[in-house]
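Undergrad: Handing you a structure now.
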Amino acid sequence: MKVIVCVKQIPDPSVPGELVGPAHTLQREGVTLVLDPGDEFGVEAGLALAESQGGEVVLVSMGPERGADALRKGLAMGAAKGILVSDPGLAGADALTTATVLAAAIRREGFDCVITATESTDGYSGVIPQMLAALLEVPAVTFAKSISLQDSTMRVKRQTESGTEDAVVNLPCIVSVTAGVNEPRYPTLKGILGAKSKPIETCTAESLGVALTGSTQQVADVTPIAARGAGEIITDDGSAAAKIVEFLTTVKVL
Amino acid sequence: MNFDLTSTQEDLRGLARSFADEVVAPKAADYDVSGDFPYDIVAKMGDLGFFGLPFPEEVGGVGGDFLSYCLVLEELARADASVAITLEAAVSLGITPIVRFGSEEQRAKWLPDLLAGKRLWAFGLTEPGAGSDAYGTATRARHEGDEWVINGRKAFITNAGTDISAGVTITAVTGETGGKREISTIAIERGTPGYSQAPKYRKLGWHASDTRELIFDDVHVPYSNVIGVEGKGYKQFLGTLEGGRVAIAALAVGVAQACLDESVAYSANRTQFGHPIASYQTTQMKLADMATQIELARLMTWKAASIIDVGRQPGKYASMAKLHASEVATACANQAVQIHGGFGFMEEAPVARYYRDVKINEIGEGTSEIQRLLIAREILAPRGIRVEPNGPQGNGEKRT
Ligand SMILES: Cc1cc2nc3c(=O)[nH]c(=O)nc-3n(C[C@H](O)[C@H](O)[C@H](O)COP(=O)(O)OP(=O)(O)OC[C@H]3O[C@@H](n4cnc5c(N)ncnc54)[C@H](O)[C@@H]3O)c2cc1C
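Taken in sequence, the protein lines are chains E and R. Sequential numbering of the first sequence, starting at 1, is according to our numbering. Sequential numbering of the second sequence, starting at 255, is according to our numbering.
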């Protein structure tokens, strides 16, 4: 089977980022680009799926050409090849443009299953998986904790606010994977050395037949979140336990 | 000239760094206390290919270069020197002679499990009476029919007594020509009758590394167990040791870097007289000196490694790397404990472990005195001045 895993190169999250331009996008010039740490879970889920069924994983990404280095990590983990859509016209692209471009690359490559993260660590829009499903006209199952496949029926345990949900879906489909659900493998040393000779195909929006019509979504303003308050100290006057239970209930932990 | 690593070297180091931080470091203090051998970590290193890193794919290795191997050792040593020496001894002392001098049959028999890290192979050179003077080996191997019969003992041998130790290559006197002893290297598998390992030594540091005395009491092994050419064993391992020295230099740099990292973190947090101690110039100068010396040691290590990678013998450069890096590391550990004050003397502080673990780098695989001697020998050779460990009165035997 062919599993597509969508991955993103993002500015190294361990270095404080900076918002630039009228669209308030993250500065990508002059910073190190790395594979989004959240995507490692998708790559792991994709590799596990392909290994259980026989098949291969293809990474699909959109981003600047110099970020191809970040794809190498996924290739070192075991993906067979990478496709990088790189086009100056795509700088600052909104979610719908991004999804349109990714969908075109995925359609051209062909797929049985597309795996994405639930959201990227830098942009956090969290809508790409559903947009991809609409554009590719396949079902999307989001927030997956685990995936298993029998024949062409996929069982997905979904994380929801109130618990887990078992979803059943037929291939082809899109699954978004929650960060932390699996343990992304370390690439082997052989994998790292071999990743150099694996193909990374670069293409433009035009070569995929996508006409760029400009963003439909505008980020009007960005404000920093308020610094976290000091928290509440409950002194035990006999009612502390009840107060803590009440607090935990309001934040839906209980 | 360009000091940047290649992207592949960067990636290999990146993996080793994550592995060291996430898998090795969290257990280092516990292994140091228990002295247990880190089987779980060795197994994981084996799965990732660490043991095959600097060997060509034709023999089943990963096909990486020697510099990458040094980068991996540095990262591991930063987290736990015992884990790093376990890998170093397995690779540089155990596997390398079999790859370089072993026959087809020997390679086929032993290498697959060794390169996968499933089994470990040791190298036994040092004896109770023959350390720096390794030529003084008293262990003897007698040729009888199609066998060797071996008698003697080896001291301070790494990786020979673990549950996954498969055997040891030893040096032994196998004959004499013209009054000169002939030394050969011979492989002995674990479990061969007469070959036994004493209990683990109690050591100052490297607690989780396996070090033992080995005893050979009428041990019979096939004649074909000679590694390389009979009688040329001495020359063979002198060459092997050069690579090992560079690897020990990398290991020392790793411990030194850990000393600096801990010192920076601690001194930025520890407040005395109203300010962090890192705000005092005395501390700043110590940190600057440590950082500078570490960078120099790392550069020398990389230079020696890159000489190996272009296919030349590193010679004095290997000795310089090991000499400088090991002495810098000991000095850094000393300053790191000083910067930590009384807390640095507590076993709870990581720097206490570094302080105990670091000294051995100046001793193992050739002491600092022997490294200086080797460097002086190369420098003085063009002047016709012989540099021998037994002084100018020496009889000209090449003993180191
Ligand atoms: C933890 C550990 C692990 C080890 N692992 C191994 C292993 O796996 N395999 C192995 O074969 N060996 C191993 N060794 C042995 C190690 O290589 C030797 O300890 C080292 O070579 C020094 O030999 P020695 O201990 O006999 O010291 P000696 O040679 O007795 O040296 C004592 C002192 O005298 C100095 N000295 C000696 N000769 C001269 C001279 N001519 N001029 C000036 N100074 C001199 C030395 O530099 C040193 O300071 C290990 C040792 C340790 C402690």
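In this text, a Cβ means the ideal position worked out from N, Cα and C, and glycines have one as well. If you're wondering where the values come from, they're calculated on a predicted model, not measured in any experiment.
When Cβ atoms are compared, which residues of the stretch 396 to 412 of chain R fall closer than 7 Å to chain E?
TA: Answer in chain order: no residues at all.
Undergrad: Going along the stretch 181 to 204 of chain E in order, which residues come within less than 7 Å of chain R, judged by CB to CB distance?
TA: Hits within the stretch, in order: TYR186, PRO187, THR188, LEU189, LYS190, ILE192, LEU193, LYS196.
Undergrad: Hey, is LEU577 (chain R) close to ligand 1, as in C-beta under 6 Å from one of its heavy atoms?
TA: Here residue 577 (chain R) refers to the residue found at position 323 of the second sequence. Outside the cutoff, so no.
Undergrad: I'd like to check one pair, GLY92 (chain E) with ALA205 (chain E): are the Cβ atoms closer than 7 Å?
TA: If you number the first sequence from 1, residue 205 (chain E) lands on position 205. If you number the first sequence from 1, residue 92 (chain E) lands on position 92. Going by C-beta atoms, ALA205 (chain E) is not nearer than 7 Å to GLY92 (chain E).
Undergrad: Among residues of its own chain, excluding the 5 on either side of LEU269 (chain R), which ones have a beta-carbon nearer than 6 Å to its beta-carbon?
TA: Counting from 1 along the second sequence, the entry for residue 269 (chain R) is found at position 15. Correct list: empty, nothing qualifies.
Undergrad: Could you check the C-alpha separation between LYS434 (chain R) and LYS408 (chain R) for me, to the nearest Å?
TA: Counted from its first residue, the second sequence places residue 434 (chain R) at position 180. Counted from its first residue, the second sequence places residue 408 (chain R) at position 154. Approximately 21 Å, taken between the alpha carbons.
Undergrad: Is there a C-beta anywhere in chain E that falls below 7 Å from the one on LEU327 (chain R)?
TA: On the second sequence, residue 327 (chain R) is found 73 positions in, with the first residue counted as 1. Answer no: the Cβ-Cβ gap between LEU327 (chain R) and chain E never drops below 7 Å.
Undergrad: Got a sec: which bits of the stretch 261 to 283 of chain R sit with their beta carbon under 8 Å from any beta carbon on chain E, in order along the chain?
TA: Against chain E - using a Cβ distance shorter than 8 Å - the residues of the stretch 261 to 283 of chain R are SER261, THR262, ASP265, LEU266, LEU269, SER272, PHE273.
Undergrad: For the beta strand (DSSP E) that GLU398 (chain R) lies in, which residues bound it at each end?
TA: Against the second sequence, residue 398 (chain R) aligns to sequence position 144. Its beta strand (DSSP E) spans residues 394 to 398.
Undergrad: Restricting to runs no shorter than 4 residues, where is the alpha helix (DSSP H) found entirely within the stretch 485 to 564 of chain R?
TA: The stretch 485 to 564 of chain R contains these whole alpha helix (DSSP H) runs: 487 to 523, 535 to 563.
Undergrad: Does the beta-carbon distance from LEU33 (chain E) to LEU307 (chain R) come in below 7 Å?
TA: For the purposes of this step, residue 33 (chain E) is taken as residue 33 along the first sequence, with counting starting at 1. For the purposes of this step, residue 307 (chain R) is taken as residue 53 along the second sequence, with counting starting at 1. For LEU33 (chain E) and LEU307 (chain R), no; Cβs fall outside 7 Å.
Undergrad: By the 10 Å Cβ neighbour count, where 16 or more other Cβ atoms means buried, how is PRO292 (chain R) classified, buried or exposed?
TA: The sequence position of residue 292 (chain R) within the second sequence is 38, counting from 1. Classification for PRO292 (chain R): buried.
Undergrad: In this structure, does DSSP put GLY226 (chain R) in helix, strand or coil?
TA: The requested residue 226 (chain R) is not part of the displayed model; chain R covers only 255 to 654.
Undergrad: Can you check whether the CB of TYR609 (chain R) is closer than 7 Å to the CB of VAL591 (chain R)?
TA: Residue mapping note: residue 591 (chain R) aligns to position 337 of the second sequence, counting from 1. Residue mapping note: residue 609 (chain R) aligns to position 355 of the second sequence, counting from 1. In contact: VAL591 (chain R) and TYR609 (chain R) (Cβ atoms closer than 7 Å).
Undergrad: Smallest Cα separation from GLY497 (chain R): which of R:ALA575, R:VAL277, R:ALA331?
TA: Stepping through the second sequence from its first residue, residue 497 (chain R) is reached at position 243. Residue R:ALA575 is the option with its Cα nearest to GLY497 (chain R).
Undergrad: Taking only beta-carbon atoms, is GLY314 (chain R) less than 7 Å away from chain E?
TA: Here residue 314 (chain R) corresponds to residue number 60 of the second sequence, with the count starting at 1. Closer than 7 Å: no.
Undergrad: Let's see if you can read the secondary structure: which residues bound the alpha helix (DSSP H) around TRP375 (chain R)?
TA: Stepping through the second sequence from its first residue, residue 375 (chain R) is reached at position 121. Premise fails: TRP375 (chain R) lies in the beta strand (DSSP E), 374 to 378, not in any alpha helix (DSSP H).
Undergrad: Using the C-alpha atoms, what's the distance from PRO530 (chain R) back to ASN523 (chain R)?
TA: Within the second sequence, numbered from 1, the residue matching residue 523 (chain R) stands at position 269. Within the second sequence, numbered from 1, the residue matching residue 530 (chain R) stands at position 276. Their Cα atoms are separated by approximately 6 Å.
Undergrad: Looking at the unbroken beta strand (DSSP E) that takes in THR160 (chain E), where does it start and where does it end?
TA: In the first sequence, counting from the first residue as 1, residue 160 (chain E) sits at position 160. Counting along the chain, the beta strand (DSSP E) containing THR160 (chain E) begins and ends at 153 to 160.
Undergrad: Buried or exposed for PRO172 (chain E), going by 16 or more other Cβ atoms inside 10 Å?
TA: Taking the first residue of the first sequence as position 1, residue 172 (chain E) is located at position 172. With 16 or more Cβ atoms within 10 Å of its Cβ, PRO172 (chain E) is classed as buried.
Undergrad: Which residue comes first and which comes last in the alpha helix (DSSP H) that contains ALA409 (chain R)?
TA: Position 155 of the second sequence, counting from 1, holds the residue named residue 409 (chain R). No alpha helix (DSSP H) contains ALA409 (chain R), which is instead part of the beta strand (DSSP E) from 401 to 412.
Undergrad: I want to check one thing, is the minimum distance from the CB of THR425 (chain R) to the heavy atoms of ligand 3 below 6 Å?
TA: Of the ligands one can find in the structure shown, namely ligand 1, none is ligand 3.
Undergrad: Considering just the uninterrupted stretch of the alpha helix (DSSP H) at ASP284 (chain R), what are its terminal residues?
TA: As a first step, residue 284 (chain R) must be located in the second sequence, where it is residue number 30. Start and end: 279 to 288.
Undergrad: Measuring straight from C-alpha to C-alpha, what distance separates TYR449 (chain R) and GLU467 (chain R)?
TA: As a working note, residue 449 (chain R) is residue 195 in the second sequence. As a working note, residue 467 (chain R) is residue 213 in the second sequence. Approximately 11 Å, taken between the alpha carbons.
Undergrad: So, for GLY110 (chain E): in the same chain, excluding its five sequence neighbours on each side, which residues have a beta-carbon less than 8 Å away from its beta-carbon?
TA: Looking up residue 110 (chain E) in the first sequence gives position 110. Result list for GLY110 (chain E): LYS2, in chain order.
Undergrad: Here's a check: name, in chain order, each residue in its chain whose Cβ is nearer than 7 Å to the Cβ of ASN256 (chain R), leaving out the five neighbours to either side.
TA: Counting from 1 along the second sequence, the entry for residue 256 (chain R) is found at position 2. There are no such residues.
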